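Written below as structure tokens is the structure these notes are about.
In my numbering, the protein residues as written are 18 to 368.
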């Protein structure tokens with residue numbers, strides 16, 4: 018199973034009267050049911066060397082990050098998912114391309130308790146805690162999670178000249194997570210500048226032990242391979258956003274994955290959203306807007322500039338009425354027939 022990646026806002030600092038007053042964050046600062054976040058991914062600057070600075074009163078500038086592609090992370094009620102009965106304690110579920118990741122959260126912590134891929138559901142033997150509450154600058158925490166996957170596998174192998182039957186394969190993954198809040202300051206993305214942020218350094222080591230189960234004259238679990246993967250990440254968080262503003266996966270000082278949050282509540286110009294495959298016109302508009310794209314728009318979500326969802330509208334004939342929208346600025350997310358995000362545009366209604 019792939020490493021479960023969580024994108025959520027858990028930290029903030031408050032600056033008043035020239036002095037730092039530390040904000041304490043609680044479970045309410047993590048994602049909730051029905052939350053949705055869109056991230057822009059930079060594939061152009063991969064393998065760039067970028068030493069990461071830590072400390073207090075820092076200024077981090079990531080305005081150079083490109084928007085080469087986008088992905089959406091959303092969270093749903095576990096009771097609405099196909100494998101809800103396998104995860105009765107789950108309070109949150111995250112849909113993925115092949116299934117769901119299940120979480121449990123309370124006022125003290127948030128942990129991943131298992132996942133479902135295709136027809137296989139896996140309840141962790143030992144849940145992995147990702148965050149404990151409350152949290153603040155200089156917080157340090159760690160945890161170890163364990164999951165076991167056993168798969169039927171009918172084959173034979175030769176051991177010392179003897180043919181041995183194999184009926185199953187077991188994969189045991191041990192996940193060791195160490196997180197430290199290493200800095201505070203301001204961070205700039207292509208969207209806007211956030212003044213009160215915390216910097217989180219995360220190190221996860223995943224150790225996979227693979228064994229086969231033999232039958233016949235010898236019936237044992239036989240270890241055949243051990244391997245480990247290390248994931249190092251830097252992320253920046255602020256209060257209320259509930260997702261990482263910037264996320265960097267690194268190997269040493271070399272960037273391997275780069276993304277930033279497309280914040281719908283920021284004062285975004287269309288150009289800063291970048292690379293939208295949808296053209297919305299006229300803009301400004303008064304009564305109607307039209308969509309131009311290679312792939313037809315199936316539906317749109319319209320947000321005000323505070324990030325509140327105003328409307329969700331099915332699109333016919335690649336146009337829609339905006340007569341019921343008051344004058345002002347809006348953010349439009351356009352989706353294709355496969356429910357994939359096709360573009361984000363700023364729309365101005367002017368009358």
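Don't be surprised by glycine CBs; every beta carbon is placed ideally from N, CA and C. Source: prediction; values computed, not measured.
- For residue 95, there is no enclosing beta strand (DSSP E), as DSSP marks it with neither H nor E.
- In this chain, the beta strand (DSSP E) harbouring residue 194 covers 179 to 205.
- Straight across, the Cα-Cα distance linking residue 266 with residue 103 is about 32 Å.
- Between the beta-carbon of residue 83 and that of residue 65 there is about 11 Å, and that puts the pair past the 8 Å contact cut.
- Contact annotation: residue 44 and residue 127 have beta-carbon atoms nearer than 8 Å.
- The alpha-carbon separation between residue 340 and residue 350 amounts to approximately 18 Å.
- Judged by DSSP in its simplified three-state form, residue 46 adopts helix.
- Positions of the beta strand (DSSP E) runs, each at least 3 residues long and wholly inside the region 254 to 316, are given as 263 to 268, 271 to 278, 296 to 298 and 305 to 309 in order along the chain.
- Annotated three-state conformation of residue 136 is coil, per DSSP.
- Apart from sequence neighbours up to five positions away, the residues of its chain that approach residue 74 with a beta-carbon distance below 6 Å are 202, ordered along the chain.
- Beyond the five residues adjoining it in sequence on each side, residue 342 comes within less than 7 Å, by CB distance, of 366 in the same chain, given in chain order.
- In the three-state scheme derived from DSSP, where H, G and I count as helix and E and B as strand, residue 210 is classed as strand.
- Secondary structure at residue 172: strand, using DSSP grouped into helix, strand and coil.
- By the neighbour-count criterion, in which 16 or more other beta carbons inside 10 Å mark a residue as buried, residue 354 falls on the exposed side.
- Between the alpha carbons of residue 301 and residue 49 lies a gap of roughly 34 Å.
- Straight-line spacing of the CA atoms in residue 187 and residue 170 works out to 10 Å.
- In this structure, DSSP gives residue 102 a helical state, which the three-state scheme calls helix.
- Taken through DSSP and simplified to helix, strand or coil, residue 357 comes out as coil.
- Non-local beta-carbon contacts of residue 329 in its own chain, meaning distances under 6 Å to residues more than five positions away in sequence, involve 318 in chain order.
- Under the three-state reduction of DSSP output, residue 107 falls in the coil class, being neither helix nor strand.
- In the DSSP assignment, residue 327 falls within the beta strand (DSSP E) that extends over 326 to 331.
- Non-local C-beta neighbours of residue 269 in its own chain, meaning closer than 7 Å and more than five positions away in sequence, are absent.
- The beta-carbon distance between residue 207 and residue 277, rounded to whole angstroms, is 7 Å. This is short enough to meet the 8 Å contact definition.
- Per the coordinates, the alpha-carbon of residue 195 lies some 7 Å from the alpha-carbon of residue 160.
- Per DSSP, reduced to three states, the secondary structure at residue 242 is strand.
- Nearest in C-alpha terms to residue 163, of all of 150, 180 and 139, is 139.
- In the DSSP assignment, residue 74 falls within the unbroken beta strand (DSSP E) covering 72 to 78.
- Pairing residue 309 with residue 334, the inter-Cα distance amounts to about 11 Å.
- The beta carbon of residue 314 is closer than 8 Å to those of 295, 308, 332, 335, 351, 352, 353 and 359 in its chain, skipping five residues each way along the sequence.
- Sequence-distant Cβ neighbours of residue 246 in its own chain, meaning closer than 7 Å and more than five residues away, are 223.
- With contacts defined as CB atoms closer than 8 Å, residue 112 and residue 129 fail to qualify as a contacting pair.
- Distance between residue 210 and residue 253, taken at the CA atoms: about 12 Å.
- Taking 8 Å as the upper bound for CB-CB distance, residue 347 and residue 320 are in contact here, some 6 Å apart.
- The Cβ-Cβ distance between residue 326 and residue 55 does not fall below 8 Å.
- Counting the other CB atoms within 10 Å of its CB gives residue 243 a total below 16, which places it among the exposed residues.
- Membership of residue 86 in the beta strand (DSSP E) is indicated by the continuous run 86 to 91.
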